[in-house]
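Please read the structure below before turning to the comments.
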Amino acid sequence: MKNTQRISARRCIARRLILAAVPCLALAIPSLTAAQSLQTVNMAVPAKSFQMVIYPVAQQKGYMKEEGLDQRVIFVAPTTSIQAMLGGDVQFTGAGSSALVSMARGNTPLKVVVATNDRVLQWLVTRPEITSPKELKGKKIATTGVAAIATFMVKQVLTKHGLDGNKDATYLDVGQGNQLAALLGGGFDAAVLSVEQRYVALDKGMREMFFMGNEVKNSWGTLATTDKLIKENPKMVAGFVRATLKALRYIRQDKEGTVTALLKFSGVSRQQATRLYDDLIGTFTRNGAVDDETQRNDLNIIRQVTSTNEALPNARAYDFSFALEADQQLNKIGWKP
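For the sequence shown, our numbering assigns the number 960 to the initial residue and increments by one for each residue that follows.
Have a look at this one:
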């Protein structure tokens, strides 16, 4: 009973946060038709990262409108977005990894329905004097958490390169967003960095040791929704996913349009947006899905993060049927941006 009350309280807090955020942070473009003819969909994104640009693109290019949807993109922390989605205030979240963690820990009724990227957009960057993976033995690595997904991936990669990933390096949580400062400050020998942090580190003379996307076979930037929405409103889910796949095709084809959209979405410079596009566009999936092996790898990492005995079955965690069907439909009609 007490546990139920705590969950209800968290959902109430999440609902208040979402309702407060929507009018302030919504990125939806006003529809050219009467607002009441479109169904409002709230999409939670955890950050203004490149892989999330497909959602404002889907709205701005009219792909959501073609599906009868008026999407509102709001910025919400991953855990809060899961709570809000379960409460019905948000229909989709870009925090798919957090959804998987929630499923593993509490059997939460969620599904990942789109995989935006089939490579992990994280880098292990070291001090310039470290020239090989084996030189990381006994060194300190700055992470976003000792039980973070990226930390377990780094352990796998170090083991792959001849070290004992669990014992030969020390992993320290320096707080979200602080890894770069920890590395540049000299107190750490290496750090797990995002693409934007990587650029700064390399420009300041640090050394890229690994691009995680080349070392592990996992997905990134996944979209999740609830089992309830899939069951009760499959038309909305199908339409949202189809619009998302159109946006995926658009960004692959139109570099200039995507760079411009990223400028508006993320507030980065044109030079930075172009650099992001050139470096990362090849990591985006073509059909919004990843194969069974990648799904199993994802769920094995989640098992380690949550310290559970067994990994979730693929079918419990993923439902790419909407993405695969949308891809087939678009191919059949020869759809192009």
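All C-beta atoms in this analysis are idealised placements derived from N, C-alpha and C, irrespective of residue type, glycine included.
Quick caveat, the model's predicted, so the values are computed rather than measured.
Residue 1180 beta carbon less than 8 Å from that of residue 1030:
Here the question's residue 1030 lines up with position 71 in the sequence shown. Here the question's residue 1180 lines up with position 221 in the sequence shown. No, the pair does not count as a contact, with Cβ atoms beyond the cut-off.
May I ask you to verify whether the region 1064-1073 touches the region 1265-1279, counting CB pairs closer than 8 Å and requiring at least 3?
yes
Rounded to a whole number of angstroms, what is the C-alpha to C-alpha distance between residue 1227 and residue 1268?
Walking along the sequence shown from the start, residue 1227 turns up at place 268. Walking along the sequence shown from the start, residue 1268 turns up at place 309. Approximately 42 Å between the Cα atoms of the pair.
Paired residues, beta bridge with residue 1031 - DSSP:
Position 72 of the sequence shown, counting from 1, holds the residue named residue 1031. Partner(s): 1001.
Are there three or more Cβ pairs, one per stretch, closer than 8 Å when the region 1080-1088 is compared with the region 1153-1168?
yes
Residue 1208 burial status per 10 Å Cβ neighbour count (16 or more: buried):
For the purposes of this step, residue 1208 is identified with residue 249 of the sequence shown, where counting begins at 1. Buried.
Checking 8 Å against the spacing of the C-beta atoms, do residue 1047 and residue 1182 come in under that value?
In the sequence shown, residue 1047 corresponds to position 88, counting from 1. In the sequence shown, residue 1182 corresponds to position 223, counting from 1. Result no, Cβ atoms of residue 1047 and residue 1182 do not sit closer than 8 Å.
Who are the near neighbours of residue 1101 in its chain, counting only those whose CB is closer than 8 Å to its CB and skipping five residues on each side?
For the purposes of this step, residue 1101 is taken as the residue at position 142 of the sequence shown. Answer for residue 1101: 1131, 1133, 1137, 1138, 1141, 1142, 1147, 1149, 1150 and 1151, listed in chain order.
For a quick check, are the C-beta atoms of residue 1062 and residue 1271 less than 8 Å apart?
Within the sequence shown, the letter at position 103 stands for residue 1062. Within the sequence shown, the letter at position 312 stands for residue 1271. In this structure, residue 1271 lies closer than 8 Å to residue 1062 by Cβ.
What are the boundary residues of the beta strand (DSSP E) that residue 1194 is part of?
Looking up residue 1194 in the sequence shown gives position 235. First-last for residue 1194: 1193-1212, but that is the alpha helix (DSSP H), not the beta strand (DSSP E).
Looking only at its chain, what residues have a beta carbon closer than 6 Å to the beta carbon of residue 1198, apart from the 5 residues adjacent to it on each side?
Counting from one through the sequence shown, the residue named residue 1198 turns up at place 239. The residues are 1026 and 1028.
Would the beta-carbon of residue 1224 fall within 8 Å of that of residue 1015?
Start at 1 with the first residue of the sequence shown, and residue 1224 comes out as number 265. Start at 1 with the first residue of the sequence shown, and residue 1015 comes out as number 56. In this structure, residue 1015 lies closer than 8 Å to residue 1224 by Cβ.
Enumerate in chain order the residues of its own chain whose CB-to-CB distance from residue 1376 is below 7 Å, with the five nearest sequence positions on each side excluded.
A query on residue 1376 cannot be resolved here, the shown segment of the chain reaching from 960 to 1296 and no further.
Sequence-distant residues of the same chain with beta carbon closer than 8 Å to residue 1234, five excluded per side
Here residue 1234 is taken as the residue at index 275 of the sequence shown, counted from 1. If we look at residue 1234 and ignore the five residues flanking it on each side, its Cβ neighbours are 1158.
Do residue 1261 and residue 1059 have their C-beta atoms within less than 8 Å of each other?
For this step, residue 1261 is matched to residue 302 along the sequence shown. For this step, residue 1059 is matched to residue 100 along the sequence shown. A contact, by the Cβ cut-off of 8 Å.
Have a look at 1080, 1220, 1127 and 1002 and flag the residue whose alpha-carbon is nearest the alpha-carbon of residue 1241.
By one-based count along the sequence shown, residue 1241 stands at place 282. For the residues 1080, 1220, 1127 and 1002, the minimum Cα distance to residue 1241 belongs to 1080.
Start and end of the alpha helix (DSSP H) containing residue 1237?
On the sequence shown, residue 1237 is found 278 positions in, with the first residue counted as 1. Counting along the chain, the alpha helix (DSSP H) containing residue 1237 begins and ends at 1229-1239.
Whole-angstrom Cβ separation of residue 1176 and residue 1252, contact assumed at under 8 Å?
Here residue 1176 corresponds to residue number 217 of the sequence shown, with the count starting at 1. Here residue 1252 corresponds to residue number 293 of the sequence shown, with the count starting at 1. Indeed they touch by this definition, with Cβ atoms about 6 Å apart.
Less than 7 Å between C-beta atoms, sequence neighbours within five positions excluded: which residues of the same chain meet that for residue 1017?
Locating residue 1017 in the sequence shown gives position 58, where the first residue counts as 1. 1023, 1030, 1202, 1203, 1205 and 1206, listed in sequence order.
Buried or exposed: residue 994, going by 16 or more other Cβ atoms within 10 Å of its Cβ?
As a first step, residue 994 is located in the sequence shown; it is residue number 35 there, counting from the start. At residue 994, the pLDDT of 49 sits below 50, so the modelled position is not reliable; the number obtained from the coordinates is stated separately. It counts as exposed.
Leaving out the 5 sequence neighbours to the left and right, which residues in its chain are closer than 7 Å to residue 1105 when beta-carbon positions are compared?
Position 146 of the sequence shown, counting from 1, holds the residue named residue 1105. So the qualifying residues of the chain are 1130 and 1132.
If we call anything under 8 Å between Cβ atoms a contact, is residue 1247 one with residue 1074?
Here the question's residue 1247 lines up with position 288 in the sequence shown. Here the question's residue 1074 lines up with position 115 in the sequence shown. The answer is yes: Cβ separation under 8 Å.
Judging by CA-CA distance, which residue of 1037, 1051, 1122 and 1065 is the nearest neighbour of residue 1187?
The residue given as residue 1187 occupies position 228 in the sequence shown. Nearest of 1037, 1051, 1122 and 1065 to residue 1187, Cα basis: 1051.
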